[in-house]
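Asks: Below is one structure. I have some questions about it.
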Amino acid sequence: MKQLVILSGKGGTGKTSVTAAFAHLAAEGEVSIRAVLADADVDAANLELVLSPKVEEREDFWGGQVAQIDPQTCSECGTCIEVCRFDAIYPCPRPLSPWEGGESYWIDPIACDGCAACVYQCPEGAITMQPQLAGEWFQSQSRYGPLFHAALRPAQENSGKLVTVIKQHARLLTMDEGYHLVLVDGPPGIGCPVISAVSGADLALIVAEPTVAGIHDMHRVLQVTDHFGVKALVCINKADIYLAGAAEIEAFCQEQGIEMVGRIPFDTTVTHAMVRGQPVTVYQPESPASQSLREVWRKVVDALERLA
Amino acid sequence: MIIAVASGKGGTGKTTVATSLALSLSAQDRAVSFLDCDVEAPNAHLFLQPEFQHTRAVNRLTPQVDEEKCSGCGRCAEVCQYHAIVVLGGKTLVFPELCHGCGSCTLECPEKTITEIPEKLGILEAGYTPEGIAFARGLLDVGEPMAVPIIHQLKKWQPFQPQGIAIWDSPPGTSCPVVASIRGANYLLLVTEPTPFGLHDLKLAAQLGTELEIPAGVIVNRDGVGDTRLDEFCQQAGIPILMRIPLEREIGAGVAQGKSLVEIRPEYRARFQEMFAQIEAVCAAEAQK
Numbered sequence: 203m204k205q206l207v208i209l210s211g212k213g214g215t216g217k218t219s220v221t222a223a224f225a226h227l228a229a230e231g232e233v234s235i236r237a238v239l240a241d242a243d244v245d246a247a248n249l250e251l252v253l254s255p256k257v258e259e260r261e262d263f264w265g266g267q268v269a270q271i272d273p274q275t276c277s278e279c280g281t282c283i284e285v286c287r288f289d290a291i292y293p294c295p296r297p298l299s300p301w302e303g304g305e306s307y308w309i310d311p312i313a314c315d316g317c318a319a320c321v322y323q324c325p326e327g328a329i330t331m332q333p334q335l336a337g338e339w340f341q342s343q344s345r346y347g348p349l350f351h352a353a354l355r356p357a358q359e360n361s362g363k364l365v366t367v368i369k370q371h372a373r374l375l376t377m378d379e380g381y382h383l384v385l386v387d388g389p390p391g392i393g394c395p396v397i398s399a400v401s402g403a404d405l406a407l408i409v410a411e412p413t414v415a416g417i418h419d420m421h422r423v424l425q426v427t428d429h430f431g432v433k434a435l436v437c438i439n440k441a442d443i444y445l446a447g448a449a450e451i452e453a454f455c456q457e458q459g460i461e462m463v464g465r466i467p468f469d470t471t472v473t474h475a476m477v478r479g480q481p482v483t484v485y486q487p488e489s490p491a492s493q494s495l496r497e498v499w500r501k502v503v504d505a506l507e508r509l510a
Numbered sequence: 003m004i005i006a007v008a009s010g011k012g013g014t015g016k017t018t019v020a021t022s023l024a025l026s027l028s029a030q031d032r033a034v035s036f037l038d039c040d041v042e043a044p045n046a047h048l049f050l051q052p053e054f055q056h057t058r059a060v061n062r063l064t065p066q067v068d069e070e071k072c073s074g075c076g077r078c079a080e081v082c083q084y085h086a087i088v089v090l091g092g093k094t095l096v097f098p099e100l101c102h103g104c105g106s107c108t109l110e111c112p113e114k115t116i117t118e119i120p121e122k123l124g125i126l127e128a129g130y131t132p133e134g135i136a137f138a139r140g141l142l143d144v145g146e147p148m149a150v151p152i153i154h155q156l157k158k159w160q161p162f163q164p165q166g167i168a169i170w171d172s173p174p175g176t177s178c179p180v181v182a183s184i185r186g187a188n189y190l191l192l193v194t195e196p197t198p199f200g201l202h203d204l205k206l207a208a209q210l211g212t213e214l215e216i217p218a219g220v221i222v223n224r225d226g227v228g229d230t231r232l233d234e235f236c237q238q239a240g241i242p243i244l245m246r247i248p249l250e251r252e253i254g255a256g257v258a259q260g261k262s263l264v265e266i267r268p269e270y271r272a273r274f275q276e277m278f279a280q281i282e283a284v285c286a287a288e289a290q291k
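Residue numbers (my numbering), protein chains in the order written: chain L, 203 to 510; chain Y, 3 to 291.
As C-alpha cells, this is what we get:
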C-alpha cells in the first residue's frame, strides 16, 4: 500500500482537477491501480463535485471543546479574564437577572481555544467545557472507488484533526480490502491541515503554477515535504500562461534534483469538465490537458513503483 | 474602516483584488494600510513590493519542567487539553509542537516546577510600499502547524501610526485561520469564480460572514469561464455583485509576472474607487443601525 498526496502551497493551482483525473486513470486507465480516495481539504471540499459520490456512511465530527460560564454561579472575580491568553472572555451584563444589576462574564466561543485554563482556575467552579459539533465526515462510493470526505462547519477549528480522521479510515479500508493506493487531495497552505495530509505519505505531487505567487508558494510547500522527509515530484499546471515562470520552475527542480513529471497546458476544457461534474480525462480524453495528465500519471505511477 | 478580502476556494484572485484596491485608494491620496494575513502562503508583497524596515519574532510560550523538583504527579498532563505534556514512568515529557501556549500546566503545577520559555513560530515584517501604503505580513515557520497565533499578533502589531483604510488579505478556506483573519472587519469582500468549485466554497465563506455578522459583497473573477449558477446564488442570498473581472489572457499573464491588475488595466483604478464608495455607504448604513 502506498500513499500519494497532491499539494500546491498556493490555492487554485488545480490540485482537485489533477486528483480527479488520477482517480479516473487509476480505475480505468492502462494499468489498473485500485485506489481509495481522500479529500483532505476539509474546509473547502470539492472532490465530491466531480466524482458524484453516493454517501454510504456519515459520522459526526466533534472538534475541540469550548468553555462556558454559568452566570448564576459566577462571582465576578475576574480570574478567568486574567488567565485567558486567547482574549476570549468579556464582561457582560448578568443576563438572567437584570433587575439585580451586576456583571458576569461571557466566553466568546469562536475566540475560545478550548485550553480549559479558566475551568481549573475559577474559584467558584462556574465554568465547564462543552463539546462542539464541528462537522461531519463521509464514506462514499464514487465512480472510481471509495471516497472519504468531510464537511467542516465554517468557523470551526481542528481541521488537521479531521484530516487525520479521514486519512485513518481511508488507510484502514485500503489495508482491509487490499487496495494499492491512498490518493489524497491536499489542502492549500503549509499549516496544520497540510501537515496532517503529508504525515505518513510515501510520495507528494506538487501542482505548481508558473506565476510569481505560485512559484513562491511551491518553494514553501517543498520545504514542508522536505521537513517531513516525504519525497516530492513537481508538475506544472497552466504551463503556457507564463513561459519564463515555467522555465524558472524547471531550472529550480533540476538544480535541486526534484523530478519534474510534466507540463499541463492551460486548457478551458478543464473548467468545462468541472461544470459538467466530471474529470477532464473523462469529459474530453483527447484534449491537451487530458493528454498531459495521462503522461503525468504514468510518471507518478513509475515513481510509486520505484519506491518499493 | 477595515475591508477583509476572502474567498473560500484558493486561487480565485483574493490577492489580485486586495492589492489593486489598496493601490487604487492610495492613488486618491488616502491613507491605506495592508495586512497579508495568509501567513502560510503570503503573496501580496510580490505585487506591492514593500521595503521591510521592521521585523519581530512571534513566539509561543511552552513549558519547561525542572526535573529535579518535579514529583511526577501528572497534574499538568491532566489539565492539558492538547496532549502536549505527558508523564511516563514518573518523568514529565513536553511535546512543544502540540502546545498551544495556554499556560494551564504552569498555573496548576503544585510544585511550581514549570517555567515557560518562548518558542518561535514565525515572524512579522512591516514596511512601506513605493506608493506609501503601510504594509505588514506574517510568515509561519516551515513545519509549524499553528497559523492563528501569528495572525492574531499581526493584527495587534502597530509598527506604524494607525492608517485610515485597512485592507486585510485572508487565506483560503473557512476554518480558524480565516476566522482569525477576517474577524473585526467592517466589510467582507468575497472573490470567487463562476465555477462549481468557486460557488461551493463561496457559499461556505458567505455563511462565515453571516455568522460573524460582517456585511459582504462579491467580486466575480474570470467572468465567463464557467456557468451562471453563481449569479443565481448571489441573487437568492441577497449578496451584491460589486465587480466582474473577465477571463482575459492578458490579465492572467500580467498577474503571473507579478503585476497588479491596475497596472495591467489602469481603467480598473476608477472601478475600484467606485466600488469602495459603495462599500463605504453600506458600512455607514450598518453603523447607523
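Glycine residues also receive a C-beta, built at the ideal position from the N, C-alpha and C atoms.
Only a predicted model underlies this, so the values are computations on that prediction, with no experimental measurement involved.
To the nearest whole angstrom, what separates the beta carbons of Ile451/L and Ile466/L, a pair I think is in contact under 8 Å?
Replies: Actually they are not in contact, since the Cβ atoms of Ile451/L and Ile466/L sit about 12 Å apart, beyond 8 Å.
Asks: Excluding the 5 residues preceding and the 5 following Ser277/L in the sequence, name in chain order all residues of the same chain whose CB lies nearer than 6 Å to its CB.
Replies: If we look at Ser277/L and ignore the five residues flanking it on each side, its Cβ neighbours are Glu326.
Asks: Enumerated in chain order, which unbroken segments of the alpha helix (DSSP H) with a length of 4 residues or greater are wholly contained in the segment 221 to 260 of chain Y?
Replies: As far as the segment 221 to 260 of chain Y is concerned, its whole alpha helix (DSSP H) runs of at least 4 residues are 231 to 239, 251 to 258.
Asks: So with CB distances below 7 Å, who are the chain L contacts of Val181/Y?
Replies: Going along chain L in sequence order, the residues near Val181/Y (Cβ under 7 Å) are Ile312, Ala357.
Asks: Is the Cβ of His85/Y closer than 8 Å to any Cβ of chain L?
Replies: Chain L contact via Cβ: absent.
Asks: Leu206/Y to Gly226/Y, Cα distance in whole Å?
Replies: Their Cα atoms are separated by approximately 22 Å.
Asks: Hey, Leu210/Y and Ala357/L: beta-carbon distance below 8 Å or not?
Replies: Result yes, Cβ atoms of Leu210/Y and Ala357/L sit closer than 8 Å.
Asks: Would you kindly report the start and end of the unbroken beta strand (DSSP E) that includes Cys320/L?
Replies: Unbroken run through Cys320/L is the alpha helix (DSSP H), 319 to 323; no beta strand (DSSP E).
Asks: Using a Cβ cut-off of 8 Å (strictly closer), state whether Pro467/L contacts chain Y.
Replies: Taking Cβ atoms only, chain Y never reaches closer than 8 Å to Pro467/L, which makes this a no.
Asks: Tell me the residue span of the alpha helix (DSSP H) that contains Glu110/Y.
Replies: From DSSP, the alpha helix (DSSP H) with Glu110/Y extends over 106 to 110.
Asks: Who are Glu118/Y's beta bridge partners in DSSP?
Replies: According to DSSP, Glu118/Y bridges with Pro65/Y.
Asks: Who are the near neighbours of Pro255/L in its chain, counting only those whose CB is closer than 6 Å to its CB and skipping five residues on each side?
Replies: Hits under 6 Å: Ser342, Ser344, Leu349.
Asks: Looking only at its own chain, which residues have a Cβ that is under 8 Å from the Cβ of Gly347/L, when we skip the five neighbours before and after it?
Replies: Around Gly347/L: Ala225, Ala228, Ala229, Arg236, Ala237, Val238, Leu239, Tyr381.
Asks: Hey, out of Arg508/L, Lys204/L, Leu253/L, Leu209/L, whose CA is closest to Val482/L's CA?
Replies: Comparing Cα-Cα distances from Val482/L to each of Arg508/L, Lys204/L, Leu253/L, Leu209/L, the minimum goes to Leu253/L.
Asks: Can you find the residues in the same chain that come closer than 7 Å, C-beta to C-beta, to Val193/Y, ignoring five residues on each side of it along the sequence?
Replies: Cβ within range, chain order: Val7, Ser9, Thr14, Gly15, Lys16, Val19, Ile221, Asn223.
Asks: Which residues of chain L have a Cβ atom closer than 8 Å to the Cβ of Asp203/Y, listed in chain order?
Replies: Per Cβ cutoff of 8 Å: Ala246, Asn248.
Asks: Residues of chain Y with CB under 9 Å from Arg287/L, in chain order?
Replies: Simply Leu63, His102, Gly103, Cys104, Gly105.
Asks: Identify every residue that forms a DSSP beta bridge with Tyr292/L.
Replies: Paired residues: Trp308/L.
Asks: Do you know how far the Cα of Asp404/L is from the Cα of Lys433/L?
Replies: Roughly 7 Å separates the two Cα atoms.
Asks: So, using beta-carbon positions, are His202/Y and Leu251/L closer together than 8 Å?
Replies: Result yes, Cβ atoms of His202/Y and Leu251/L sit closer than 8 Å.
Asks: For Val60/Y and Asp378/L, I'd like the C-alpha separation in whole angstroms.
Replies: Going by the C-alpha atoms only, they are around 44 Å apart.
Asks: Would Pro300/L pass as an interface residue toward chain Y - the criterion being a Cβ-Cβ separation below 8 Å?
Replies: With a pLDDT of 49 at Pro300/L, under the threshold of 50, the modelled position of that residue is not reliable, and no figure is offered here.
Asks: Could you tell me the alpha carbon to alpha carbon distance between Ile5/Y and Pro112/Y, rounded to whole angstroms?
Replies: Rounded to whole angstroms, Ile5/Y to Pro112/Y spans 47 Å at the Cα level.
Asks: For His351/L, count neighbouring C-beta atoms within 10 Å of its own C-beta (all shown protein chains included) and say buried if the count is 16 or more, exposed if not.
Replies: Buried is the call here.
Asks: Identify whether Ile460/L lies in helix, strand or coil by the three-state DSSP scheme.
Replies: Looking at Ile460/L - three-state DSSP - the assignment turns out to be coil, as it is neither helix nor strand.
Asks: Does the segment 184 to 191 of chain Y come close enough to the segment 66 to 79 of chain Y to have 3 or more Cβ pairs within less than 8 Å?
Replies: They do not touch, by the three-pair rule.
Asks: Between Lys45/Y and chain L, is any beta-carbon pair separated by less than 8 Å?
Replies: Checking the sequence shown, residue 45/Y turns out to be Asn, not Lys. Cβ-Cβ to chain L under 8 Å: yes for Asn45/Y.
Asks: Just to confirm the assignment: which complete alpha helix (DSSP H) runs, minimum length 4, are found wholly within the segment 476 to 503 of chain L?
Replies: Runs found: 482 to 485.
Asks: Helix, strand or coil: which one does DSSP assign to Met331/L?
Replies: Strand, per DSSP.
Asks: Tell me whether the beta-carbon of Ile167/Y lies closer than 8 Å to the beta-carbon of Ala208/Y.
Replies: Cβ atoms of Ile167/Y and Ala208/Y: not closer than 8 Å.
Asks: Quick check on DSSP: helix, strand or coil for Tyr270/Y?
Replies: Looking at Tyr270/Y - three-state DSSP - the assignment turns out to be helix.
Asks: Any residues in the segment 384 to 410 of chain L with a beta carbon nearer than 9 Å to a beta carbon of chain Y? Which ones, in chain order?
Replies: Residues Pro389, Pro390, Gly391, Ile392, Gly393, Cys394, Pro395, Val396, Ile397, Ser398.
Asks: Buried or exposed, going by whether 16 or more other CB atoms sit within 10 Å of the CB of Trp499/L?
Replies: Answer is buried; the Cβ neighbour count reaches 16.
Asks: Would you say Gly330/L faces chain Y, with C-beta separation under 8 Å as the test?
Replies: The question names Gly, but residue 330/L is Thr in the sequence shown. Thr330/L does not count as touching chain Y.
Asks: Looking at the unbroken beta strand (DSSP E) that takes in Glu259/L, where does it start and where does it end?
Replies: Glu259/L -> beta strand (DSSP E) spans 256 to 271.
Asks: Looking at the unbroken beta strand (DSSP E) that takes in Cys437/L, where does it start and where does it end?
Replies: Where Cys437/L is concerned, the enclosing beta strand (DSSP E) stretches over 433 to 439.
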